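What follows is a single structure, written as structure tokens, with notes after it.
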Amino acid sequence: MKKLEQIYEGKAKRVFLTDDPDLVIVDYKDDATAFNGAKKGTIVGKGVINNQMSNRLMQRLEAAGIPTHFVQELSERETLVKKVSIVPLEVIIRNISAGSFAAHYGVEEGIVFEHPTIEFSYKCDELNDPLLNDYHALALKLATRDEIERIKQMAFQVNEVLKAFWAECGVTLVDFKLEFGRLADGTIILADEISPDTCRLWDAKTHEKLDKDRFRRDLGGVEGAYAEVMKRLLAHG
Ligand code: TMP
Ligand code: ASP
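Heads up: the sequence shown is residues 5 to 241, going by the working numbering.
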């Protein structure tokens with residue numbers, strides 16, 4: 005598969021065309037940002053871990069019947085994926101209070117919800133990814149009613165599969181962000197990545213943070229946390 009011109013550069017990944025119009029190559033960087041790019045840094049080895057972790061999790065989701073963009077891991081940092089047009093919604097599922105939920109509603113982190121929550125943000129850096137609901141997404145024509153329903157259904161399914169798998173690894177899946185894409189025929193599939201950049205992962209016993217919150221909050225031990233969750237995933241993969 006030939007890597008052709010770069011078509012996109014995000015904060016953590018680059019995307020390249022290939023000689024197949026339906027496939028692109030994603031290349032994961034070690035660059036880390038937080039607060040919409042206001043905080044910048046490097047997490048050494050993150051690109052390799054996020055690439056390999058995301059691929060393994062996506063393969064598990066595929067096995068559970070959830071369609072994803074994953075096609076083939078090409079190298080430590082590169083993966084061949086299906087070309088999609090990204091639905092400009094960040095879909096966030098929460099099992100436990102943390103982060104912006106705890107801040108918005110004035111509660112402590114660590115409250116276990118009886119039912120997971122779902123929320124959407126409009127994926128738009130210039131506007132700082134504002135929160136919106138289904139009606140706003142429809143009004144802005146970000147997705148159709150059917151697409152929103154399908155996205156919600158898939159996101160909760162992803163939660164069930166990932167929650168169970170991470171529990172086997174001794175890790176609690178606190179919350180995470182997903183992005184979905186449309187194939188040329190309109191089918192909605194899971195895209196982007198699933199990694200410690202996009203999930204809150206706590207040690208099941210000690211509740212130690214094993215994710216990007218260590219970078220966001222200057223807690224130290226960032227690389228070690230990424231390596232630890234990867235090690236646990238591989239031990240149970
Ligand atoms: P939040 O509590 O800051 O809203 O984050 C919820 C989850 O979404 C958390 O697992 C981190 C992830 N996330 C991203 O992947 N990208 C983002 O830009 C933000 C703000 C959060
Ligand atoms: N996506 C955020 C940023 O743009 C990073 C984060 O908090 O995960 O910097």
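All C-beta atoms, glycine included, are put in the ideal place defined by N, C-alpha and C.
Here the structure is a predicted model, which is why all the values come from computation and not from measurement.
Measure the alpha-carbon distance for V165 versus D34 and round it to whole angstroms. Answer to the nearest angstrom: the Cα atoms are 27 Å apart.
Residue range of the beta strand (DSSP E) that R236 falls in? R236 -> not in any beta strand (DSSP E); alpha helix (DSSP H) instead, spanning 226 to 240.
Endpoints, alpha helix (DSSP H) assigned at G51: That run of the alpha helix (DSSP H) goes 50 to 67.
Identify, in the order they occur along the chain, each residue of the same chain with its Cβ nearer than 8 Å to the Cβ of L27, setting aside the five sequence neighbours on each side. M5, V75, L84, V85, K86, K87, listed in sequence order.
Go ahead and label D235 buried or exposed: buried means 16 or more other beta carbons lie within 10 angstroms of its beta carbon, across all protein chains shown. Asp is not the amino acid found at residue 235; the sequence shown has Lys there. Classification of K235: exposed, given that the 10 Å Cβ count is below 16.
So, are the CB atoms of L93 and F117 less than 8 Å apart? The criterion of a C-beta distance shorter than 8 Å is not satisfied by L93 and F117.
Would you kindly report the start and end of the unbroken alpha helix (DSSP H) that includes L142? Residue range 138 to 143 is occupied by the alpha helix (DSSP H) that includes L142.
Whether E82 touches V19 by CB criterion (8 Å): If you check the CB distance, E82 and V19 do not come in under 8 Å.
Alpha carbons only, please: which of M57, P25, G49 is nearest the one belonging to F169? The shortest C-alpha to C-alpha distance from F169 to any of M57, P25, G49 is the one to M57.
Which value, in whole angstroms, describes the spacing of the CA atoms of S79 and N137? Cα to Cα, S79 sits roughly 38 Å from N137.
Along the chain, where does the alpha helix (DSSP H) that runs through F219 open and close? That run of the alpha helix (DSSP H) goes 217 to 220.
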